[in-house]
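**Q**
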Amino acid sequence: MKIIRVSSTLIIATTALLFGGCATASKPTAMVATMKTSVAKNPQSVSVSVTGGSDTSSMGASKIGNDDFAEAIKNSITQSGLFAKIGSDTASDYALGVQIVRLDQPMFGASFTVTLECTWRLTRRSDGKTVWEKAINTPFTATMGDAFSGVTRLRLANEGAARANIEEAITQLGAVKLP
4 MKIIRVSSTL IIATTALLFG GCATASKPTA MVATMKTSVA KNPQSVSVSV
54 TGGSDTSSMG ASKIGNDDFA EAIKNSITQS GLFAKIGSDT ASDYALGVQI
104 VRLDQPMFGA SFTVTLECTW RLTRRSDGKT VWEKAINTPF TATMGDAFSG
154 VTRLRLANEG AARANIEEAI TQLGAVKLP
């Protein structure tokens, strides 16, 4: 009887270690868009602000924080060449405001599909006119082949959905003729 109790405890502890763990925040470098097509280059500057994100709690699910998402957007814009410069809030030609509207995450499963919905708005600073606005909804699936741990798989799915959202926004913004 004692052997069964010890074996059961060992199995439960091993399962908890394999499938459990502390949640980690999405990494800005993993959310940077890899542009498959070139975009129009604008000589102006842009500032970036993000709202609606959530910080990750070690005991909760992985989330996307405002500062991390903003950093990924800025790096993506710089790498794509969409704008000549990333400026400060008051000293830029345009303001890009991004609101994280919804982050749909699964609770469990072998494959985790996360869907991220963001509203993107580009405003000209000189007159406050919105020159482009779009709601972008992007899913991304991370599988057991990507990561065995569910906590890591969820973070990878978050990062993939964010990366796809940024890529789609930059692609669409690249097609806009800015005044």
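Take the position in the sequence shown, starting the count at 1, then add 3; the result is the number in my numbering. Yeah, the Cβ is synthetic: ideal placement off N, Cα and C, and Gly gets one too.
#1: Between Arg105 and Lys77, what straight-line distance do the alpha-carbon atoms span, to the nearest angstrom?
#2: Could you compute how far the alpha carbon of Ala183 sits from the alpha carbon of Asp130?
#3: To the nearest angstrom, how far is the alpha carbon of Thr144 from that of Leu159?
#4: What does DSSP give as the partner residue(s) for Phe151 in the beta ladder?
#5: Per the DSSP calculation, Gln102 is bridged to which residue(s)?
#6: Please report how far the alpha carbon of Phe179 lies from the alpha carbon of Met62, in whole angstroms.
#7: Taking Cβ to Cβ, would you say Ala101 is nearer than 7 Å to Trp123?
#8: For Lys30 and Ala43, what's the separation of their Cα atoms in angstroms?
#9: Can you give me the C-alpha to C-alpha distance between Pro109 and Val154, rounded to a whole angstrom?
#10: Check whether the Cβ atoms of Arg156 and Ala165 lie closer than 7 Å to each other.
**A** With the given structure in hand:
#1: 21 Å
#2: Absent from the structure is residue 183, since the part of the chain shown begins at 4 and ends at 182.
#3: 8 Å
#4: Answer is none; Phe151 lacks a bridge partner.
#5: Thr54, Thr122
#6: Reading off the sequence shown, one finds Val at residue 179, where the question assumed Phe. Cα-Cα distance, rounded: 42 Å.
#7: Residue identity check: residue 101 is Val in the sequence provided, not Ala. A contact, by the Cβ cut-off of 7 Å.
#8: 27 Å
#9: 11 Å
#10: no
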